[in-house]
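**Student:**
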Amino acid sequence: MHKRTLLSAALALAALGASHGALAQADTFKIGLILPMTGQQATTGRQIEAAARLYMAQNGTTVAGKKIELIVKDDTSLPDVTKRLAQELVVNDKVNVLAGMGITPSAMATAPIATQSKTPLVVMAAATSSITQASPYIVRTSFTLPQASVALADWVPKNGIKKVVTLVSDYGPGLDAEKYFKERFIFNGGEVTESLRVPLRNPDFAPFLQKVRDAKPDALFVFVPSGAGAAVMKQFLERGMDKAGIKLIGTGDITDDDQLNDMGDGALGVVTSHHYSAAHPSAMNKAFVEAFEKANKGLRPNFMAVGGYDGMHVIYDALKATKGQGGGDALLAAMKGQLFESPRGKIFIDAQTRDIVQDIYLRKVEKKNGGLYNVEFDVIKDVKDPGKNK
Amino acid sequence: MLTILFDGIAYGMLLFVLAVGLAVTMGLMNFINLAHGAFAMVGGYTTVLLMQRLQVPFLVCLPLAFLVSGLLGAVLERTLYRPMYRRPHLDQVLFSIGLTFMAVAAMDYFMGSSQQIIQLPAYLKGRSEFDTPLGLLGMGHYRLFIIAVCAALTVALQFILARTRFGSRLRAAVDDQRVAAGLGINVNIVFLSTFAVGSGLAGLGGALGTEVLGLDPTFPLKFMIYFLIVVAVGGTSSITGPLLAALLLGIADVAGKYYVPKLGGFIVYSLMIAILIWRPHGLFSRLGGKS
């Protein structure tokens, strides 16, 4: 008996919910946020979701008369799951915007769905250059690896580093980083003596690093996904490569803010180039970091978080600009060409490529307020993705 | 050259500690325990938690990691594994791989999915270099430490299995449970303690490996292949087989990645295939042993 009353109560509640949903349909604006919330890339998902929720908490949940509803789905970093979830979100939930995308293959798998359903897809993390070319409905608010590595290749030869060995993880973003760094570095008169590619799931970096040590370059350029960055750095030091006069440089993934503090003092002095550091000295970023850490029990926002935060900004602004009326095409048009202040500095969504144009900073790991931070010391202004020049 | 050899040996020794427990359960107890890596992960996370939360020194963490995963192994042996002993191998495989996935999900839930980083004490960091006639030999202190620990373990294990009463009881219990029981050997206790030690060794390997191999919840799945290669190539009937196999694989892997980085992990697999074609039961299989 008891069971039955419980069941009927649940049914009644569900019915209520459904009817409520149907009524609210016209006045809600749905954002389907697909992220890896579990599995290897889960920190990406957690950072972006936290940032998106922070944005909503700060900017209200009603925009242009529409109530914003965020639907978060976990794709566990498997592209076929991402695709299925995107399909469900578009067909069943009738989302107005798709967003998220933790890794490149996920974004690539979702691109055709965005195109067919004319739903804007805001890419907040995945960073292979070619993603925005996969669908005319993709807008990106994270960064691209060519963007970060070319900036570094411009800075490095001016600072006494002429011979470099590159070491990247053997997958899309790694190959992008290798290619664009190498091209620009050679163009600037540098010399890349060796290009090493490490399997993505590599247990031990020892042989690769030993090879670098024997090659004795001025610096080692590294791109590995942020989790493996700490391992590379430790073994770099264990091998005494810093003492042998080899500098460690790379894109900001190796000194990810999320993990930097655990890496210990060995990380001090590592030079990286990236678009965001939690230590970016602007009033807006201070407020952002403070609010983020307060809302998430001391979790430091990293470059993923800022991609999610700005992604929400792009969506909110597009909704405002279309006064809540427009469909996918109108929203997309309103997203193109947006120029606004982000916690990382001024950013711009290039109307032609739908990719982000932003400042790339050169940073050095330093101790600040008792923690390790990427402290910016130089900037290259308004870097457009170099992958889009063809 | 010598440095590469040294790194390879250290890496192989590490693989050996990680895999030897599996060789024991698979070879001696005839149980296919694919959840072996989960015990290694438990050891790793025990170390990480003790060091990060309680500031326990690294050297104290190692025996604790052994104890925690050994105890866990004992509890699971008593509750879950024992009923599976008589089941066909396929059931054992499915059961233990299920356990692995549960362990992965549980760690993900409780500890988060990011890589765990530990800070070694200063005396284990750094490295020493020697000029030898054959070239420069660089030895990382931590890798030296791994080699020392593993060598000591090997000797101890070999001694226990070959020379002690417990060793002979274990071998008896494995070869014929009924006769062994008839001779007054408490087979259950023998199996329980063997399984616990095997799991404990995995835990110790996980604790030692955190620094070199990294630690995240996918650890058991990531390294399952390596354990299995070591056991398959080395055979499961002795300690020396897996030891030599682990060394061979460690050196081949490191040297392969150094000299022909383009082939990457491929070398290990081709080596395994070649050896298994040559000796299908592993390098050191006991004739007439279980297969």
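Residue numbers (our numbering), protein chains in the order written: chain B, 1 to 390; chain V, 391 to 681. For glycine and all other residues, C-beta sits at the position ideal for the given N, C-alpha and C.
In angstroms with no decimal places, state the Cα-to-Cα distance between Val80 of chain B and Ser106 of chain B.
**Tutor:** Locating residue 80 of chain B in the first sequence gives position 80, where the first residue counts as 1. Locating residue 106 of chain B in the first sequence gives position 106, where the first residue counts as 1. A quick correction: the sequence has Asp, not Val, at residue 80 of chain B. Rounded to whole angstroms, Asp80 of chain B to Ser106 of chain B spans 8 Å at the Cα level.
**Student:** To the nearest angstrom, how far is the alpha carbon of Tyr471 of chain V from that of Ile31 of chain B?
**Tutor:** Your numbering for residue 471 of chain V matches position 81 in the second sequence. Your numbering for residue 31 of chain B matches position 31 in the first sequence. So the two alpha carbons sit approximately 47 Å from each other.
**Student:** Considering Cα atoms alone, identify which of V:Ser518, V:Leu524 and V:Val650 is closest to Pro199 of chain B.
**Tutor:** Counting from 1 along the first sequence, the entry for residue 199 of chain B is found at position 199. Selected option, being the one with the closest Cα: V:Val650.
**Student:** Within 10 angstroms of its Cβ, does Ala219 of chain B collect 16 or more other Cβ (buried), or is it exposed?
**Tutor:** As a position in the first sequence, residue 219 of chain B is number 219, starting the count at 1. So Ala219 of chain B counts as buried.
**Student:** What are the boundary residues of the alpha helix (DSSP H) that includes His392 of chain B?
**Tutor:** In the structure displayed, chain B extends from 1 to 390; residue 392 of chain B sits before or after that span and is not available.
**Student:** Considering only residues of the same chain and omitting the five flanking positions on each side of Ile48 of chain B, which have a CB-CB separation below 6 Å?
**Tutor:** To locate residue 48 of chain B, count along the first sequence from 1; it is residue 48. Closer than 6 Å at Cβ, skipping near neighbours: Leu35, Met124, Met304 and Gly308.
**Student:** For Thr43 of chain B, go through chain D and note every residue whose CB falls closer than 8 Å to its CB, in chain order.
**Tutor:** In summary, chain D is missing from the structure at hand, where the protein chains are B and V.
**Student:** Alpha carbon to alpha carbon, how far is Ile103 of chain B from Ala334 of chain B?
**Tutor:** Translated into positions along the first sequence, residue 103 of chain B becomes position 103. Translated into positions along the first sequence, residue 334 of chain B becomes position 334. Taking the straight line from one Cα to the other gives about 25 Å.
**Student:** Does any residue of chain V bring its CB to less than 8 Å from the CB of Phe303 of chain B?
**Tutor:** Here residue 303 of chain B corresponds to residue number 303 of the first sequence, with the count starting at 1. No, no contact with chain V.
**Student:** On the criterion of 16 or more Cβ atoms from any shown chain inside 10 Å, does Gly530 of chain V qualify as buried, or is it exposed?
**Tutor:** Within the second sequence, residue 530 of chain V is the residue found at index 140, counting from 1. The residue is buried, with at least 16 neighbouring Cβ atoms inside 10 Å.
**Student:** Using 8 Å as the limit for Cβ to Cβ distance, is Asp521 of chain V near chain B?
**Tutor:** Translated into the one-based positions of the second sequence, residue 521 of chain V becomes position 131. Chain B, which has no Cβ nearer than 8 Å to the Cβ of Asp521 of chain V, makes this no.
**Student:** Which residues, in chain order, does the region 258-273 of chain B contribute to contact with chain V at a C-beta distance below 8 Å?
**Tutor:** Cβ contacts with chain V: Asp258, Gln259, Asp262, Met263 and Gly264.
**Student:** Kindly list, in the order they appear in chain V, the residues whose Cβ is closer than 8 Å to that of Gln40 of chain B.
**Tutor:** Position 40 of the first sequence, counting from 1, holds the residue named residue 40 of chain B. Simply Ser503, Asp606 and Thr608.
**Student:** Do we get a CB-CB distance below 8 Å when we pair Thr393 of chain V with the residues of chain B?
**Tutor:** In the second sequence, the residue the question calls residue 393 of chain V occupies position 3. Closer than 8 Å: yes.
**Student:** When you compare the CB of Tyr648 of chain V with every CB in chain B, is at least one pair closer than 8 Å?
**Tutor:** As a working mapping, residue 648 of chain V is identified with position 258 in the second sequence. For Tyr648 of chain V, the answer is yes, since a Cβ of chain B falls inside 8 Å of its Cβ.
**Student:** Where do the ends of the beta strand (DSSP E) carrying Leu70 of chain B lie?
**Tutor:** Your numbering for residue 70 of chain B matches position 70 in the first sequence. Looking at the DSSP string, the run of the beta strand (DSSP E) that includes Leu70 of chain B is Lys66 to Asp74.
**Student:** Is the Cβ-Cβ distance between Ser282 of chain B and Gly326 of chain B less than 8 Å?
**Tutor:** The count along the first sequence starts at 1 and reaches residue 282 of chain B at position 282. The count along the first sequence starts at 1 and reaches residue 326 of chain B at position 326. No. Outside cutoff.
**Student:** Check the Cβ of Arg201 of chain B against every Cβ in chain V and list those closer than 7 Å, keeping chain order.
**Tutor:** Along the first sequence, read from residue 1 onward, the residue named residue 201 of chain B stands at position 201. Under the 7 Å cutoff, chain V gives Lys612.
**Student:** Examine chain B for any beta-carbon lying closer than 8 Å to the beta-carbon of Pro651 of chain V, and answer yes or no.
**Tutor:** Position 261 of the second sequence, counted from the first residue, corresponds to residue 651 of chain V. True, the Cβ-Cβ gap to chain B drops below 8 Å.
**Student:** Taking 6 Å as the limit between beta carbons, can you name the residues of its chain near Leu547 of chain V, skipping five residues before and five after?
**Tutor:** Position 157 of the second sequence holds residue 547 of chain V. Counting only Cβ-Cβ distances below 6 Å, and skipping sequence neighbours, we find Ile629.
**Student:** Within its chain, find whatever has a CB closer than 8 Å to the CB of Phe581 of chain V; leave out the 5 residues flanking it on each side and keep chain order.
**Tutor:** What you label residue 581 of chain V is simply residue 191 of the second sequence in a count that begins at 1. So the list reads Met419, Glu467, Arg472, Tyr475 and Ala563, once near-sequence residues are dropped.
**Student:** Applying the criterion that 16 or more other CB atoms from any shown protein chain within 10 Å of the CB defines a buried residue, is Pro157 of chain B buried or exposed?
**Tutor:** Sequence index remark: in the first sequence, residue 157 of chain B carries index 157 (1-based). It is buried - the Cβ of Pro157 of chain B has at least 16 other Cβ atoms within 10 Å.
**Student:** Locate the beta strand (DSSP E) running through Phe29 of chain B, then write down its first and last residues.
**Tutor:** For this step, residue 29 of chain B is matched to residue 29 along the first sequence. Looking at the DSSP string, the run of the beta strand (DSSP E) that includes Phe29 of chain B is Thr28 to Leu35.
**Student:** If you count every other CB in all the chains shown that lies within 10 Å of the CB of Asn59 of chain B, and 16 or more means buried, which is it?
**Tutor:** If you number the first sequence from 1, residue 59 of chain B lands on position 59. It counts as exposed.
**Student:** Using a Cβ cut-off of 7 Å, pull out every chain V residue sitting near Leu196 of chain B, in sequence order please.
**Tutor:** For the purposes of this step, residue 196 of chain B is identified with residue 196 of the first sequence, where counting begins at 1. Those within 7 Å of Leu196 of chain B in chain V are Pro651.
**Student:** Please report whether the beta-carbon of Gly21 of chain B lies at a distance below 8 Å from any beta-carbon of chain V.
**Tutor:** Numbered from its first residue, the first sequence carries residue 21 of chain B at position 21. Low confidence applies to Gly21 of chain B: its pLDDT is 45, below 50, so where it sits in the model is not reliable, and the reading given next is rough at best. No, Gly21 of chain B does not count as interfacial toward chain V.
**Student:** Considering just the uninterrupted stretch of the alpha helix (DSSP H) at Gln567 of chain V, what are its terminal residues?
**Tutor:** On the second sequence, position 177 is the one that residue 567 of chain V refers to. Its alpha helix (DSSP H) spans residues Gln567 to Gly572.
**Student:** Express the C-alpha separation of Ile186 of chain B and Asp350 of chain B in angstroms, rounding to a whole number.
**Tutor:** Within the first sequence, the letter at position 350 stands for residue 350 of chain B. Within the first sequence, the letter at position 186 stands for residue 186 of chain B. The alpha-carbon atoms of Asp350 of chain B and Ile186 of chain B are separated by roughly 28 Å.
**Student:** Only counting the same chain, and skipping five residues up and downstream in sequence, which positions put a Cβ closer than 7 Å to that of Leu395 of chain V?
**Tutor:** For the purposes of this step, residue 395 of chain V is taken as the residue at position 5 of the second sequence. Around Leu395 of chain V: Ile641.
**Student:** By Cβ distance, which residues of its chain are closer than 6 Å to Ser398 of chain B, with the 5 residues on each side in sequence left out?
**Tutor:** Limits of chain B in this structure are 1 at one end and 390 at the other, which puts residue 398 of chain B out of reach.
**Student:** Name, please, each residue of chain V whose Cβ falls closer than 8 Å to the Cβ of Gly227 of chain B.
**Tutor:** Residue mapping note: residue 227 of chain B aligns to position 227 of the first sequence, counting from 1. Result: Ser504, Gln505, Gly604 and Asp606.
**Student:** State the CB to CB distance for the pair Gln259 of chain B and Ile507 of chain V, rounded to an integer number of angstroms; the pair is presumed to be in contact (CB under 8 Å).
**Tutor:** The residue given as residue 259 of chain B occupies position 259 in the first sequence. The residue given as residue 507 of chain V occupies position 117 in the second sequence. 7 Å between Cβ atoms; contact.
**Student:** Taking C-alpha atoms, which residue in B:Asp214, B:Gln116 and B:Asp204 lies nearest to Val164 of chain B?
**Tutor:** Residue mapping note: residue 164 of chain B aligns to position 164 of the first sequence, counting from 1. Taking only the C-alpha atoms, the option nearest Val164 of chain B is B:Asp214.
**Student:** Since I believe Leu404 of chain V is in contact with Val545 of chain V (beta carbons under 8 Å), could you give me their beta-carbon distance rounded to a whole number of angstroms?
**Tutor:** Within the second sequence, numbered from 1, the residue matching residue 545 of chain V stands at position 155. Within the second sequence, numbered from 1, the residue matching residue 404 of chain V stands at position 14. About 17 Å; that fails the 8 Å criterion.
**Student:** With distances taken Cα to Cα, identify the nearest neighbour of Thr144 of chain B among B:Ser135, B:Asp154, B:Ile131 and B:Gly269.
**Tutor:** As a working note, residue 144 of chain B is residue 144 in the first sequence. Among B:Ser135, B:Asp154, B:Ile131 and B:Gly269, the Cα nearest to that of Thr144 of chain B belongs to B:Ile131.
**Student:** Is Tyr532 of chain V close to chain B, meaning its C-beta is less than 8 Å from at least one C-beta of that chain?
**Tutor:** The count along the second sequence starts at 1 and reaches residue 532 of chain V at position 142. At least one chain B Cβ lies under 8 Å of Tyr532 of chain V.
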